[in-house]
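Worksheet: one structure, shown below.
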Amino acid sequence: MRDETRGWIAQDRRHAWHPFTDQEIWERADPLVITRGQGVWLYDSEGRRYLDANSSIWTNIHGHGHPKIVEAIQAQAATLCHSSYLGLANNRASELAERLCHLFPARTLTRCFFSDDGSTALEVALKMSLQWSAQNGREDRTGVISFEKSYHGDTLGACSVGGVSRFVKGYGEVGLPVYRVADLADLQALPEVVVKTASALVIEPLVQGVNQMRLWPKGMLKKLRSLCDEHDIHLILDEVMTGFGRTGKMFACEHEGVIPDFICLAKGLTGGTMPLAATLTREEIYAGFKGGGRTLYYGHSYTGNALGCAAALASLDLFESEGTLAQVEEKGRALADSCGFLDLRRLGLILAADLTSGLEACESLRERGVLTRPILDTVVIMPPLVINHEEIDFLAEALQSISRR
Ligand SMILES: *Cc1c(COP(=O)(O)O)cnc(C)c1O
């Protein structure tokens, strides 16, 4: 091991603390120290390369170090990195707000509120819905309906609507008044008082990511939309994972022709380069915050960050110039057909297989030059959408070694 690597590991041991990590276990083994990325590959400090098979926790789209995004970030950094969005506009945020709204049919989602992460995109949507209800004649609508085993992020509000018990324990009682349901049937059987007092219903459309990539039944989202319309409940779609092409369409809701009242976007928004999030909503929601002391008191220091917006604009350009979406379904199928798993859940370029030990499988993949993380005993494979057929073959071969065991 190089001396430099040894030094970085020692610093990590002494001072760092990692997310979702039992640090006792972490301290037992030397971590990989990632120092470089190129295309679908990550390189460690020893010069070894690994295929980034979970797109750096579901964020990367066009590969690492894509010259067009790098160029956009460099040019923006030399011009303006950040100026406050509080009381000021900036050109890149203006362009991106319009660009994002224009990804949806005219006069549907027309307003864009920026924040920094998936969790904050959810916080924004939840606060908007609840406050809108409180100040627009729906004072009795103070509740949120969510799904069991759902995941909406880790900030206190977002985690309180989530339904993964191991993430909520310790502060489960702090947070929003939430009614959790298992599925559509459960929802249809909710007591009238719950339905009548709900401001919003929040769901990860088509697939629950952290719940081991469980797919919702086809047609469910459309039914949810009707149900929300019927009962005057806001539909919040958490497309933090599914957004930006992961499922084969730009947004998962397009598979069922559904337009939500709020859509939460983050992870892939900048192509996996910068932290940036956006919550899009309808004009009627926006209008309900105008005047009369109805301001939405929400914002972060880095809201509307120009570097992030420049990266997002470059990423959206690449969707057009590289025809990214057109190849997702075909690549997903090719990978599924060649990886040797008979039993696989798949949606676009999201693949998941249940094994007896997810951890062991991922360790074995790492030895073969493939990086991903298990969710419990499920191995998740979701490479950057830019992955080519040669790289799919490499990945499939590594997967065959674990699927045969
Ligand atoms: C990752 C994720 C979040 C949280 O996003 P962060 O950027 O990690 O805060 C929320 N919802 C879903 C569906 C996610 O996959």
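In the working numbering, the protein residues as written are 52 to 456. For glycine and all other residues, C-beta sits at the position ideal for the given N, C-alpha and C. For clarity, every value in this text was computed on a predicted model and none was experimentally measured.
Which value, in whole angstroms, describes the spacing of the CA atoms of residue i and residue j?
{"i": "residue 367", "j": "residue 288", "result": "20 angstroms"}
{"i": "residue 134", "j": "residue 359", "result": "12 angstroms"}
{"i": "residue 285", "j": "residue 276", "result": "9 angstroms"}
{"i": "residue 103", "j": "residue 296", "result": "17 angstroms"}
{"i": "residue 482", "j": "residue 319", "result": "Shown here, the chain extends from 52 to 456; a query on residue 482 therefore has no answer."}
{"i": "residue 230", "j": "residue 268", "result": "21 angstroms"}
{"i": "residue 54", "j": "residue 447", "result": "34 angstroms"}
{"i": "residue 207", "j": "residue 441", "result": "43 angstroms"}
{"i": "residue 59", "j": "residue 232", "result": "45 angstroms"}
{"i": "residue 248", "j": "residue 196", "result": "10 angstroms"}
{"i": "residue 425", "j": "residue 70", "result": "15 angstroms"}
{"i": "residue 156", "j": "residue 309", "result": "11 angstroms"}
{"i": "residue 209", "j": "residue 311", "result": "18 angstroms"}
{"i": "residue 145", "j": "residue 357", "result": "10 angstroms"}
{"i": "residue 91", "j": "residue 449", "result": "15 angstroms"}
{"i": "residue 114", "j": "residue 105", "result": "12 angstroms"}
{"i": "residue 84", "j": "residue 93", "result": "10 angstroms"}
{"i": "residue 181", "j": "residue 302", "result": "25 angstroms"}
{"i": "residue 453", "j": "residue 137", "result": "51 angstroms"}
{"i": "residue 455", "j": "residue 193", "result": "51 angstroms"}
{"i": "residue 348", "j": "residue 175", "result": "10 angstroms"}
{"i": "residue 147", "j": "residue 164", "result": "11 angstroms"}
{"i": "residue 321", "j": "residue 414", "result": "29 angstroms"}
{"i": "residue 158", "j": "residue 416", "result": "47 angstroms"}
{"i": "residue 337", "j": "residue 183", "result": "9 angstroms"}
{"i": "residue 364", "j": "residue 143", "result": "8 angstroms"}
{"i": "residue 80", "j": "residue 64", "result": "10 angstroms"}
{"i": "residue 97", "j": "residue 82", "result": "12 angstroms"}
{"i": "residue 240", "j": "residue 341", "result": "36 angstroms"}
{"i": "residue 110", "j": "residue 327", "result": "11 angstroms"}
{"i": "residue 73", "j": "residue 418", "result": "22 angstroms"}
So who's on the other strand from residue i, going by DSSP bridges?
{"i": "residue 163", "result": "331"}
{"i": "residue 379", "result": "According to DSSP, which records beta bridges pairwise, residue 379 is partnered with nothing at all."}
{"i": "residue 230", "result": "196"}
{"i": "residue 397", "result": "402"}
{"i": "residue 101", "result": "93"}
{"i": "residue 429", "result": "405 and 426"}
{"i": "residue 360", "result": "Note: residue 360 sits in no beta bridge, so no partner."}
{"i": "residue 259", "result": "265"}
{"i": "residue 249", "result": "194"}
{"i": "residue 87", "result": "94"}
{"i": "residue 289", "result": "315"}
{"i": "residue 421", "result": "102"}
{"i": "residue 254", "result": "288"}
Tell me, to the nearest whole angstrom, how far the beta carbon of residue i is from that of residue j; I am working on the premise that it is less than 8 angstroms.
{"i": "residue 324", "j": "residue 124", "result": "7 angstroms"}
{"i": "residue 186", "j": "residue 333", "result": "Contact doesn't hold; Cβ gap of about 16 angstroms is too wide."}
{"i": "residue 160", "j": "residue 314", "result": "6 angstroms"}
{"i": "residue 395", "j": "residue 387", "result": "6 angstroms"}
{"i": "residue 430", "j": "residue 406", "result": "6 angstroms"}
{"i": "residue 398", "j": "residue 257", "result": "6 angstroms"}
{"i": "residue 120", "j": "residue 435", "result": "No, residue 120 and residue 435 are not in contact; Cβ-Cβ is about 12 angstroms, not under 8 angstroms."}
{"i": "residue 201", "j": "residue 213", "result": "6 angstroms"}
{"i": "residue 307", "j": "residue 270", "result": "7 angstroms"}
{"i": "residue 420", "j": "residue 87", "result": "No, residue 420 and residue 87 are not in contact; Cβ-Cβ is about 15 angstroms, not under 8 angstroms."}
{"i": "residue 369", "j": "residue 151", "result": "Not a contact, Cβ separation roughly 15 angstroms."}
{"i": "residue 382", "j": "residue 432", "result": "Not a contact, Cβ separation roughly 12 angstroms."}
{"i": "residue 221", "j": "residue 173", "result": "Contact doesn't hold; Cβ gap of about 19 angstroms is too wide."}
Quick check: does the Cβ of residue i come within less than 8 angstroms of any heavy atom belonging to ligand 1?
{"i": "residue 203", "result": "yes"}
{"i": "residue 170", "result": "yes"}
{"i": "residue 315", "result": "yes"}
{"i": "residue 108", "result": "yes"}
{"i": "residue 215", "result": "no"}
{"i": "residue 176", "result": "no"}
{"i": "residue 260", "result": "yes"}
{"i": "residue 97", "result": "no"}
{"i": "residue 173", "result": "yes"}
{"i": "residue 206", "result": "yes"}
{"i": "residue 433", "result": "no"}
{"i": "residue 291", "result": "yes"}
{"i": "residue 200", "result": "no"}
{"i": "residue 209", "result": "yes"}
{"i": "residue 425", "result": "no"}
{"i": "residue 326", "result": "yes"}
{"i": "residue 255", "result": "yes"}
{"i": "residue 318", "result": "yes"}
Does residue i get closer than 9 angstroms to chain C when you measure Cβ to Cβ?
{"i": "residue 404", "result": "Absent from the structure: chain C. Only one protein chain is present."}
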